[in-house]
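Chains as they are written, first to last, in the numbering used here: chain A, 2 to 260; chain B, 2 to 260; chain C, 36 to 343; chain D, 36 to 343. In this text, a Cβ means the ideal position worked out from N, Cα and C, and glycines have one as well. See structure below.
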Amino acid sequence: MPLQENGLVINHQQVAQDMYIMEFMAPAVARECQPGQFLHVRPGNTNDPLLRRPLSIYDADQEKGSISLLYRVVGAGTSLMTGIRENDYIDIVGPLGRGFTLPAPSKTALLVGGGVGIAPLVYLGRALIQRGCQVTAMMGAANENQLVAGDRLLEIGVPFLPVTMDGSRGYPGMVTDLLVPPVYPEEIVIYTCGPEPMMAKVAEYAQRYDIWGEVSLEEHMACGVGACLGCARRLKANDEAYVKVCKDGPVFNIMDVEF
Amino acid sequence: MPLQENGLVINHQQVAQDMYIMEFMAPAVARECQPGQFLHVRPGNTNDPLLRRPLSIYDADQEKGSISLLYRVVGAGTSLMTGIRENDYIDIVGPLGRGFTLPAPSKTALLVGGGVGIAPLVYLGRALIQRGCQVTAMMGAANENQLVAGDRLLEIGVPFLPVTMDGSRGYPGMVTDLLVPPVYPEEIVIYTCGPEPMMAKVAEYAQRYDIWGEVSLEEHMACGVGACLGCARRLKANDEAYVKVCKDGPVFNIMDVEF
Amino acid sequence: MEKQDMDLTVNLGGIIMKNPVAVASGTFGYGREYEDYLDINGLGAVIVKGTTLEPRHGNPPVRIFETAAGMLNAIGLENPGVEVFLNQHLPYLIDKDVTVIANIAGNTIEEYAALAARLEGCKGIAGIELNISCPNVKQGGLQFGTDPVMVRDVVKTVKANTSLPVMPKLSPNVTNIVEIALAAQEGGADALSMINTLMGMAINVQTRKPVLANVFGGLSGPAIKPVALRMIYQVHQEVDLPILGGGGIMNTLDALEFMMAGATGISIGTGNFVNPRLAYDIMVGLQEYMQENQINNLNEIVGIAVQK
Amino acid sequence: MEKQDMDLTVNLGGIIMKNPVAVASGTFGYGREYEDYLDINGLGAVIVKGTTLEPRHGNPPVRIFETAAGMLNAIGLENPGVEVFLNQHLPYLIDKDVTVIANIAGNTIEEYAALAARLEGCKGIAGIELNISCPNVKQGGLQFGTDPVMVRDVVKTVKANTSLPVMPKLSPNVTNIVEIALAAQEGGADALSMINTLMGMAINVQTRKPVLANVFGGLSGPAIKPVALRMIYQVHQEVDLPILGGGGIMNTLDALEFMMAGATGISIGTGNFVNPRLAYDIMVGLQEYMQENQINNLNEIVGIAVQK
Ligand SMILES: Cc1cc2nc3c(=O)[nH]c(=O)nc-3n(C[C@H](O)[C@H](O)[C@H](O)COP(=O)(O)OP(=O)(O)OC[C@H]3O[C@@H](n4cnc5c(N)ncnc54)[C@H](O)[C@@H]3O)c2cc1C
Ligand SMILES: Cc1cc2nc3c(=O)[nH]c(=O)nc-3n(C[C@H](O)[C@H](O)[C@H](O)COP(=O)(O)OP(=O)(O)OC[C@H]3O[C@@H](n4cnc5c(N)ncnc54)[C@H](O)[C@@H]3O)c2cc1C
Ligand SMILES: Cc1cc2nc3c(=O)[nH]c(=O)nc-3n(C[C@H](O)[C@H](O)[C@H](O)COP(=O)(O)O)c2cc1C
Ligand SMILES: Cc1cc2nc3c(=O)[nH]c(=O)nc-3n(C[C@H](O)[C@H](O)[C@H](O)COP(=O)(O)O)c2cc1C
Ligand code: FES
Ligand code: FES
């Protein structure tokens, strides 16, 4: 059951230019967190910025009662968040939305993340490892400095392939360049989150080889709970009806989405 | 010449429930500060709160290049200010307005402050002592804890009489209770800042004994520089025209004001 | 004052609410969406999402956008139609002990009439809020809510088709709100709901296009509070109908401002998104205010700031 | 692109500005008040405080009040009258090298005519901004700016009394802004200034009275930006006059939004209070935008977001 909680910030660090990781104690919410779900975060206490910001659960420690977010500063809300310090409180609502579906333990999971889209895949990686799945992450970023989730993935035990646009670390190019024809497609499941053009390529790949997979989508949100109908999206171009990304998603089956 | 400067906060402390003293480096502005003038302070970087807040110069060290403010938390702007920490910047415009007129060094100055109204009288006290005047401050507050400027006055060398409504320190009652008939009214000058009913009593006293004096007034402000005509006030009930508290004041001759 | 001596009940032209705090149409779904966050039975009323005769898919995205202390929305009245509302959503609310107000919208007067007729006799609906900010397709898209004659006629027609109290929701995008309110009164309105959103827009400087797919959207939130208060004040001065007031209410003090400007009840819209238990918190806040100020009945302060 | 290749000049229906950034009437005094903070000669235009025939003392305090991302003002047109303006304030600006636009206000059409006539031939005035948000005393207080016929007539009268370009400043408190703009065009307006403030109010819950002595005030600042953009967009779609756009502009991106919505020039009001050098900063920001985007002349982006 989602709820509102004031998280006590215990760690907040800049991990790259414009990228931050914040960890806070929010035991009641942490208890409920599923990979792929998000929190609706209030960036400040005044009326500007007004609305909450959706941020994926980057990691959660249910025993300790803490949750971590990985966020990129893009506008007023995330800028304001950078000013939050340890021992401050952060007002969160969550966990919200439909998260990732975990596969049978026998499957091999491929996590394909681009930029800050790696965030939900990290907590997913943790769950997959716990479940006994084989997991490989492919993590794309503009450059080496932006590859921020590597340490956490290692800690969790998820091997990962770094890819950078400028070749400063790992494979030079796009993360999707690594999507080679699979030998046993039915053994593989794929999860992706990142820029839409990247996810489009992943979806194309999954379709071509008939690989089961899920994507995590973004849309501007007001309520985050399915009440305002603000986060509408047509999954396929010819659909008449819209889904609500906050409630029906943010995670969708990769075959259901047209990019 | 007033100007805009980003002050580097070097000290920010809570000195009583809801009362804070903030010191920041702003050498260009500090150089210009006269007692009784104010700064126009931007409490945050977003659009809410929007306008700057007028705050008196509580103290300034022109050599060091620092300015101190003493403020009480009353609403959104001052609440937000409490979150500013050392090494943060604070956006100020100033010094603004017409400050206090300094008397001949031979005079004895009476400073009558109520609550946070003590703020401009402290920096005035410093200037008066420097000038060689005799100075006595009477400082009223709700209770002992609210008598926050005492240490600073001692440091400056201004003797002061504390007055508390609840009698927890000093004279029990109102600060104006101490205004006894003067023996040599022509030797005395009086300066006052605080709640209007208090200033009204001080003005009555000054009028009765024909003591030269000045008051510092407050009015809601937008521009702070005389452009918007928002801070209008009729000095006397029958005046047709208004003064601009930000530009014509905030300090006015005590005889010119009707409360 | 003891809690038991306080009377929070509100009569909004025949719509009885156990306290003045309603949640605004389109911002609270059908109630269920917020059940994890607050006790829905603690609310004065739930005004459900705007309902049309037939299902509507609404506008393409982007549908919402944040602005300074406000937000734009162009949902386009997405809703499953009146039948699904009655069969699938209303039962949930009927099981609760809360006043339910239906919000109806049409493109022609006939659609409004048909909707009112369809709701007639339906158990569990305490009143009808008339959304008259929809384009009148027969009149070339001019909104019903901006022309006094249309306002009067649509209210009259709805009244003729229902025995429920009818509360038109006034659009603020007008030169003279009092004239519109008087027209609603003439049509037989039992109460007034004020205000709906201000029409606004935003432009994406990167793409050099309007942000919203629909170009224009409705501005809500704290940004519009001063306009809402002004209009409620003006209408309370001149028109003798109870007002459900809203527009940017974010806390108890805001709610009190609206009541002092002339609102008998208040509605929370955008505020629900910021604090999902805001409506409940405000209800509690009003009780505290009554205790602190020795007020038995909040009616004592309704319109108290208005110079008549 | 090199700076020297950029053309920032703007022609606002005959009012030539060296760049698009004007400071709005009533928010910048007579210029001098801000001389310590920015180079007035760097501005596109200074629109001076609203001037009436006779001196006015204005409204009693409280005159201003902050609201969410905005402010209310009810200054009541305090000003020393047209003679003092011409003799004591205008000379300061004439000594500068900046376009000066006079802003005039009257309670009757005759007052507008007399003001226009008085300004005729005065050196240093590039154009007249007509504030038509004042109550028309002859018509029982109805604002000139809310009735198309009055708008047309007042513009026509002023045009008949001056050879200067005339730019009526439209009130947003209307049902149909395009109708008003068309009326202004019919009256002979050379350009349009949009928008003036939205009418709003606030209540002091402690005293249970309106905050402003005048009860109602004009809402300005970022809160109204979406409404301003929408109206400018609508007018640019239908009316063939250059627009000076403003309402809540706080930075260069805001300014660009206004231009893309159809504003040839932009005006900074409340923003001056927040950042006394904002107008200058935005002028520099526009230059940077031109450089980054290889734009020679900002006219290229005026109205670019508007679907005609
Ligand atoms: C389900 C979900 C999970 C997300 N997880 C993360 C994450 O883990 N890390 C991260 O850095 N970002 C994440 N995002 C994107 C994040 O929500 C936006 O970057 C953030 O809202 C921007 O806020 P701002 O105030 O800084 O930017 P502004 O551009 O000033 O925001 C203005 C408005 O647009 C909305 N907005 C802007 N960009 C986006 C976006 N991409 N998606 C949705 N709304 C947006 C804001 O919420 C706000 O309402 C996620 C988005 C969604 C929908
Ligand atoms: C010349 C001058 C000097 C001042 N010096 C001091 C000082 O040294 N220390 C101190 O604590 N306070 C001082 N004040 C009062 C101080 O400006 C207000 O307490 C402060 O603006 C409140 O802001 P807020 O956002 O916390 O309150 P809110 O009530 O949320 O403010 C809302 C709006 O009202 C205005 N406002 C509220 N109270 C006042 C007030 N008393 N005077 C003017 N505007 C007000 C705010 O500036 C803001 O625009 C001074 C006021 C003036 C005019
Ligand atoms: C996302 C959203 C959807 C809305 N949908 C409706 C609706 O269907 N019918 C209606 O009458 N009003 C609708 N409104 C208007 C609100 O009910 C309310 O009148 C308005 O938002 C002003 O109040 P607020 O500032 O508290 O949000 C909607 C508002 C928002 C923000
Ligand atoms: C304090 C104040 C005084 C104003 N005085 C005038 C005036 O005298 N004449 C006029 O036409 N507009 C006046 N205005 C309106 C502004 O010129 C401007 O149109 C409006 O504030 C919207 O722009 P903004 O949001 O950038 O402030 C005034 C606005 C403010 C805030
Ligand atoms: S954000 Fe409100 S329905 Fe999804
Ligand atoms: S605050 Fe603008 S004139 Fe004083």
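Do residue i and ligand 8 come close, with the Cβ less than 7 Å from some heavy atom?
i: Ser206/D; result: The model depicted lacks ligand 8 and carries ligand 1, ligand 2, ligand 3, ligand 4, ligand 5 and ligand 6 instead.
Name the chain B residues whose beta carbon is nearer than 9 Å to that of residue i?
i: Ala263/C; result: Correct list: empty, because the minimum Cβ distance to chain B is about 17 Å.
i: Gly61/D; result: Ala228, Cys229, Leu230
Using the beta-carbon count (16 or more within 10 Å), is residue i buried or exposed?
i: Gln208/A; result: exposed
i: Asn196/D; result: buried
i: Tyr59/A; result: buried
i: Ser255/C; result: buried
i: Pro200/C; result: buried
i: Val136/B; result: buried
i: Glu156/A; result: exposed
i: Ala105/B; result: exposed
i: Gln262/B; result: A query on residue 262/B cannot be resolved here, the shown segment of chain B reaching from 2 to 260 and no further.
i: Pro251/B; result: buried
i: Lys173/C; result: exposed
i: Arg86/B; result: exposed
i: Ser69/B; result: buried
i: Glu178/C; result: Just to set this straight, residue 178/C is Gln in the shown sequence, not Glu. Gln178/C comes out buried.
i: Met236/D; result: buried
In chain B, which residues lie less than 7 Å from residue i when you measure between Cβ atoms?
i: Leu9/A; result: Neighbours of Leu9/A on chain B: none; closest Cβ ~16 Å, over 7 Å.
i: Tyr127/D; result: What Tyr127/D touches in chain B: nothing, since even the nearest Cβ is about 13 Å away.
Residues bridged to residue i by DSSP?
i: Phe39/B; result: Ser57/B, Leu97/B
i: Ile189/B; result: Thr109/B
i: Asn332/C; result: Asp42/C
i: His13/B; result: Met23/B
i: Asn239/D; result: Lys244/D
i: Thr143/C; result: Paired residue(s): none; Thr143/C is not in a bridge.
i: Leu134/C; result: A small correction: the amino acid at residue 134/C is Thr; Leu does not occupy that position in the sequence shown. DSSP output for Thr134/C lists Ala80/C as bridge partner(s).
i: Pro207/D; result: For Pro207/D, which the question treats as bridged, DSSP gives no partner whatsoever.
i: Phe161/A; result: Ala138/A
For a contact defined as C-beta to C-beta under 8 Å, what are the partners of residue i on chain A?
i: Ala77/B; result: Thr47
Taking C-beta pairs closer than 7 Å, name the residues in chain C that residue i reaches, listed in chain order.
i: Arg170/A; result: Correct list: empty, because the minimum Cβ distance to chain C is about 29 Å.
Residues of chain D with CB under 8 Å from residue i, in chain order?
i: Gln5/B; result: Tyr72, Asn310, Pro311, Arg312
i: Arg234/B; result: Pro96
i: Met2/B; result: Asp71
Along chain B, which residues have their Cβ under 8 Å away from the Cβ of residue i?
i: Asn307/D; result: Cys224, Ala228
Listing by chain order, which chain C residues have their CB less than 9 Å from the CB of residue i?
i: Tyr268/D; result: Met236, Ile238, Pro245, Val250, Phe251
Who are the neighbours of residue i on chain D, taking C-beta pairs under 9 Å?
i: Thr134/C; result: The premise fails here: Thr134/C is roughly 26 Å from chain D at the closest Cβ pair, so nothing lies under 9 Å.
query: Along the region 41-67 of chain A, what residues have a CB closer than 9 Å to any CB found in chain B?
result: Listed in sequence order: Gly45, Asn46, Thr47, Asn48, Asp49, Pro50, Leu51.
Inter-stretch contact at 8 Å, needing at least 3 Cβ pairs: the region 45-64 of chain D / the region 96-105 of chain D: Between the region 45-64 of chain D and the region 96-105 of chain D there are fewer than three C-beta pairs closer than 8 Å, too few to call the two in contact.
- prompt: Does the region 52-62 of chain D come within contact of the region 73-92 of chain D, defined as at least 3 CB pairs closer than 8 Å?
  reply: Judged by pairs of C-beta atoms under 8 Å, the region 52-62 of chain D touches the region 73-92 of chain D, as three or more such pairs exist.
query: Between the region 272-300 of chain C and chain B, which residues of the former have a C-beta closer than 8 Å to a C-beta of the latter?
result: Answer set for the region 272-300 of chain C: empty.
field: Positions along the region 89-116 of chain C whose CB lies within less than 8 Å of some CB in chain B
entry: With the criterion set as a beta carbon lying under 8 Å from some beta carbon of chain B, the members of the region 89-116 of chain C are Ala103, Ala104, in sequence order.
- prompt: Listed in chain order, which residues of the region 91-113 of chain A have Cβ atoms closer than 9 Å to some Cβ of chain C?
  reply: Against chain C - using a Cβ distance shorter than 9 Å - the residues of the region 91-113 of chain A are Asp92, Val94.
- prompt: For the region 200-224 of chain C, which residues have a CB atom closer than 7 Å to at least one CB atom of chain D, in sequence order?
  reply: Answer set for the region 200-224 of chain C: Asn208, Val209, Thr210.
- prompt: Okay, do the region 198-214 of chain A and the region 226-233 of chain A touch, 3+ Cβ pairs below 8 Å being the bar?
  reply: Segment contact: the region 198-214 of chain A against the region 226-233 of chain A, fewer than three CB-CB distances shorter than 8 Å; contact not assigned.
- prompt: Residues in the region 229-262 of chain C with C-beta within 9 Å of chain E's C-beta atoms, listed in sequence order?
  reply: Protein chains in the displayed structure are A, B, C and D, and chain E is not among them.
task: Count the CB pairs spanning the region 275-288 of chain D and the region 127-143 of chain C that are closer than 8 Å, and state whether there are at least three.
output: In this structure the region 275-288 of chain D does not lie against the region 127-143 of chain C, because fewer than three pairs of beta carbons, one per stretch, are closer than 8 Å.
- request: Spell out a yes or no on whether the region 269-281 of chain D and the region 300-320 of chain D are touching, meaning 3 or more CB-CB pairs, one atom from each, closer than 8 Å.
  value: The region 269-281 of chain D is in contact with the region 300-320 of chain D.
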